[in-house]
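Only one structure is covered here, and it is reproduced in the block below.
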Amino acid sequence: MTVPIGIHDIALATGHYAMDLAELARHNGADVNKYYIGLGQTSQTVPAPDEDIVTLAAAAAKQIVARHGVEGIRTILFATESGIDQSKSAAVYVQDLIGLPAASRAVELKQACYGGTSALQLAVGIVARDPEQRVLVIASDIAKYDLDSGGESTQGGAAVAMLVAANPNLAVVDETVGLYTANVQDFWRPNYRSTPLVDGKLSVSAYLEAVEQAWKDYEGRGGRGVSEFAGFCYHQPFTKMAHKAHTRLLELKGIEATAARLHADLSPTTIYNRAIGNSYTASLFVGFTSLLDHSDDLDGRSVALFSYGSGCVAELFSVTMVPGYRAHLRTADNRAAIARREPISYEKYRALRDFTLPEDGSELVVSARSRSPFRLTAISGHSRIYAAAHAQ
Ligand code: COA
């Protein structure tokens, strides 16, 4: 008998500030409904200077470790698009910050926004080989585009940490998946740039093509039919993208994508993403968390998840919710993490954007600004120095 493997726990963290997109509209003269309705975004998380992908990741992972301890964790998989180092993995910093075992492998994975799904599937494989082990999967990103570019309205940031284990409390990761890879230049970030180069319209059409192709692969491998799913989660660079993607899937199956159908299928999965903005690798799992926190009982039901990373790699997979999963959710904490962000004006956002870490080896002490349990405290010797809040 094969042991069920999947998501035992899932925790969310986001940054300190939030800018309402009305502020961006005030700056650039756009009709705010382009953002609120056209993109389906109300605000975006803006990190404080003492936050980065490592502090967000550690804040998410700390919640997992506080509940489950570190026993059996021998692998930490950290997926990100916004890596802080060309060589050293961000997972090593998290291992140190939250006291994960030294007898562990800690690595970083990259394929734009898809990386978190690859980490999840690799984790399932590791646990399949040794069900005594548990794998900490982290997806953490800060989405940052050029000032006054089309992508600026879709910025955001968040981290999601998941504990992958045998006999999980929350969701079993089902075996059948649909895959699609194509060499598309829709979004990429050369090593010398801090913001991506992006062909926004191409990225939308490449994403939709990937939905179709991944679904066809999934179907060809004996996957479930659309009507067998109780929920649908899509990677959400902006929440309207989930509507476009689901419309494409429904139409492919000859189902009319009415506004009522789209609302029923998607509204619970877009609530957090609407407020946070894009969080690249974390976005799909923010959407999954939102679904779990805003759905009627999904006991024993299956949820379809579609992961897309520009460039591009896509995967259609599913999970089946474990009966009683609702007792293990973190709904109040997740809502609080989003609600407690400090609202900022466009001017404050610009000041935060203008703050950059030194790139010439000079030293910097980063003053405490966020309430994060972990902070970036300094740049010293070309290194980022982190500390737990209680240690400062
Ligand atoms: N009221 C309501 N809707 C409005 C509006 C208004 N006043 N003004 C514009 N809109 C709608 C548009 O009709 C469009 O909707 P549609 O796509 O359903 O037709 C939507 O708002 C966006 O408008 P658009 O002119 O296309 O915006 P843009 O030129 O700023 O580009 C992106 C949008 C997504 C391409 C851009 O934000 C981007 O490049 N983002 C980064 C890359 C990304 O997220 N890619 C997604 C796939 S990975």
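At position 138 of the sequence shown (counting the first as 1) the number is 144 in the working numbering, and the numbers step up by one without a gap. Ideal Cβ placement from N, Cα and C applies to all residues, glycine included. The structure presented is a predicted model; accordingly, all values stated were derived computationally and were not measured.
Beta-carbon gap between isoleucine 132 and valine 143 smaller than 8 Å = The count along the sequence shown starts at 1 and reaches residue 132 at position 126. The count along the sequence shown starts at 1 and reaches residue 143 at position 137. In this structure, isoleucine 132 keeps its C-beta atom at 8 Å or more from the C-beta atom of valine 143.
Please confirm whether alanine 281 and isoleucine 344 have their CB atoms less than 8 Å apart.
-> As a working note, residue 281 is residue 275 in the sequence shown. As a working note, residue 344 is residue 338 in the sequence shown. Yes, the Cβ-Cβ distance between alanine 281 and isoleucine 344 is below 8 Å.
Taking 7 Å as the cut-off, does the CB of proline 243 come closer than this to any heavy atom belonging to the ligand COA?
-> Here residue 243 is taken as the residue at index 237 of the sequence shown, counted from 1. Flag set: Cβ of proline 243 near the ligand COA.
Just the C-alpha distance for valine 400 and alanine 129, rounded to the nearest angstrom, thanks.
-> Absent from the model: residue 400. The displayed extent of the chain is 7 to 398, so no value can be given.
Rounded Cβ spacing between alanine 248 and threonine 275 (contact assumed at less than 8 Å) | Counting from one through the sequence shown, the residue named residue 248 turns up at place 242. Counting from one through the sequence shown, the residue named residue 275 turns up at place 269. Between threonine 275 and alanine 248 the Cβ distance is about 7 Å, and since that is below 8 Å, they are a contact.
Candidates Arg341, Val371, Gly330 and Ser378, of which the one nearest asparagine 173 by Cα = For the purposes of this step, residue 173 is taken as residue 167 along the sequence shown, with counting starting at 1. That would be Gly330, whose Cα lies nearest to the Cα of asparagine 173.
Quick one: give me the first and last residue of the beta strand (DSSP E) that glutamate 348 is part of.
-> As a working mapping, residue 348 is identified with position 342 in the sequence shown. Run containing glutamate 348: 348–350, per the beta strand (DSSP E) assignment.
Look at the alpha carbon of asparagine 175 and the alpha carbon of histidine 269, and state the distance between them as a whole number of angstroms.
-> Numbered from its first residue, the sequence shown carries residue 175 at position 169. Numbered from its first residue, the sequence shown carries residue 269 at position 263. Rounded to the nearest angstrom, the two C-alpha atoms are 28 Å apart.
Can glycine 44 be considered in contact with the ligand COA, in the sense that its beta carbon sits closer than 7 Å to one or more heavy atoms?
-> Counted from its first residue, the sequence shown places residue 44 at position 38. Flag set: Cβ of glycine 44 near the ligand COA.
Measure the CB-CB distance between alanine 17 and alanine 66 and report whether it falls below 8 Å.
-> Against the sequence shown, residue 17 aligns to sequence position 11. Against the sequence shown, residue 66 aligns to sequence position 60. Contact flag set, yes.
For tyrosine 23, which three-state DSSP category applies?
-> For the purposes of this step, residue 23 is taken as residue 17 along the sequence shown, with counting starting at 1. It is a strand residue.
Taking the alpha carbon of alanine 164 as the point to measure from, which residue in Thr287, Ile82, Tyr224 and Val232 has its own alpha carbon closest?
-> Residue 164 sits at position 158 when you count from the first residue of the sequence shown. Of Thr287, Ile82, Tyr224 and Val232, the residue nearest in Cα terms is Thr287.
Is there at least one non-hydrogen atom of the ligand COA closer than 7 Å to the beta-carbon of glycine 417?
-> With the chain running from 7 to 398 in the structure shown, residue 417 is simply not present.
Backbone secondary structure at threonine 253 - three-state DSSP = In the sequence shown, the residue the question calls residue 253 occupies position 247. Threonine 253 falls in the helix class under three-state DSSP.
Should the stretch 182–200 be regarded as contacting the stretch 215–222, the criterion being three or more beta carbon pairs within less than 8 Å?
-> yes
Assign arginine 356 to one of three DSSP states: helix, strand, or coil.
-> Along the sequence shown, read from residue 1 onward, the residue named residue 356 stands at position 350. DSSP places arginine 356 in helix when its eight states are reduced to three.
What are the complete beta strand (DSSP E) segments, minimum 3 residues, inside the stretch 76–114?
-> 79–85
Whole-angstrom distance between threonine 48 and serine 95, CA atom to CA atom = Position 89 of the sequence shown, counting from 1, holds the residue named residue 95. Position 42 of the sequence shown, counting from 1, holds the residue named residue 48. Going by the C-alpha atoms only, they are around 33 Å apart.
First and last residue of the alpha helix (DSSP H) that includes valine 60?
-> Locating residue 60 in the sequence shown gives position 54, counting from the first residue. Its alpha helix (DSSP H) spans residues 59–74.
Note down the Cα distance separating valine 178 from serine 289, rounded to an integer number of angstroms.
-> Residue 178 sits at position 172 when you count from the first residue of the sequence shown. Residue 289 sits at position 283 when you count from the first residue of the sequence shown. Those two C-alpha atoms are separated by around 20 Å.
Start and end residues, beta strand (DSSP E) containing tyrosine 42 | Taking the first residue of the sequence shown as position 1, residue 42 is located at position 36. First-last for tyrosine 42: undefined, no H or E at that position.
How is glutamine 127 classed by DSSP in three states: helix, strand or coil?
-> In the sequence shown, the residue the question calls residue 127 occupies position 121. The answer is helix: DSSP assigns glutamine 127 an H, G or I state.
Any idea if glutamate 57 is buried or exposed, counting beta-carbon neighbours within 10 angstroms, 16 or more meaning buried?
-> One-based indexing of the sequence shown puts residue 57 at position 51. Buried, since its Cβ has 16 or more Cβ neighbours within 10 Å.
DSSP state of aspartate 271, grouped into three classes?
-> Against the sequence shown, residue 271 aligns to sequence position 265. In the structure shown, aspartate 271 sits in a helix (DSSP, three-state: H, G or I).
Does the beta carbon of serine 200 come closer than 8 Å to any beta carbon on chain B?
-> In the structure shown, chain B does not exist; there is a single protein chain.
With contact counted as at least three CB pairs below 8 Å, one residue from each stretch, are the stretch 253–264 and the stretch 330–339 in contact?
-> no
Return yes when the C-beta of aspartate 152 is under 7 Å from any heavy atom of the ligand COA, and no when it is not.
-> Taking the first residue of the sequence shown as 1, we reach residue 152 at position 146. It does not: the Cβ of aspartate 152 is nowhere closer than 7 Å to a heavy atom of the ligand COA.
Say the cut is 7 Å; is the CB of serine 313 nearer than that to a heavy atom of the ligand COA?
-> Position 307 of the sequence shown, counting from 1, holds the residue named residue 313. Flag unset: Cβ of serine 313 not near the ligand COA.
By Cβ distance below 7 Å, which residues in the same chain neighbour asparagine 34 in space, the five residues on each side in sequence not counted?
-> Taking the first residue of the sequence shown as 1, we reach residue 34 at position 28. Once the five neighbours on either side are set aside, the close Cβ partners of asparagine 34 are Asp154.
At least three beta-carbon pairs within less than 8 Å, the stretch 75–91 to the stretch 14–32 | no
Taking C-beta to C-beta, are alanine 117 and serine 124 nearer than 8 Å?
-> For the purposes of this step, residue 117 is taken as residue 111 along the sequence shown, with counting starting at 1. For the purposes of this step, residue 124 is taken as residue 118 along the sequence shown, with counting starting at 1. Here residue 117 turns out to be glutamine, not alanine, going by the sequence shown. A contact, by the Cβ cut-off of 8 Å.
Lysine 116 beta carbon near the ligand COA (any heavy atom closer than 7 Å) = Against the sequence shown, residue 116 aligns to sequence position 110. Every heavy atom of the ligand COA is 7 Å or more from the Cβ of lysine 116, so no.
Give the straight-line distance between the Cα atoms of valine 170 and glycine 228, rounded to the nearest whole angstrom.
-> As a position in the sequence shown, residue 170 is number 164, starting the count at 1. As a position in the sequence shown, residue 228 is number 222, starting the count at 1. Roughly 25 Å separates the two Cα atoms.
According to DSSP, is glutamate 215 helix, strand or coil?
-> Stepping through the sequence shown from its first residue, residue 215 is reached at position 209. Glutamate 215: helix per DSSP, three-state reduction.
Own chain partners of arginine 199 with C-beta closer than 6 Å, once the 5 adjacent residues on each side are dropped = As a position in the sequence shown, residue 199 is number 193, starting the count at 1. If we look at arginine 199 and ignore the five residues flanking it on each side, it has no Cβ neighbours.
Buried or exposed: where does asparagine 284 fall if 16 or more other Cβ atoms within 10 Å of its Cβ makes it buried?
-> Residue mapping note: residue 284 aligns to position 278 of the sequence shown, counting from 1. Residue burial annotation: asparagine 284 is buried, with at least 16 other C-beta atoms found within 10 angstroms of its C-beta.
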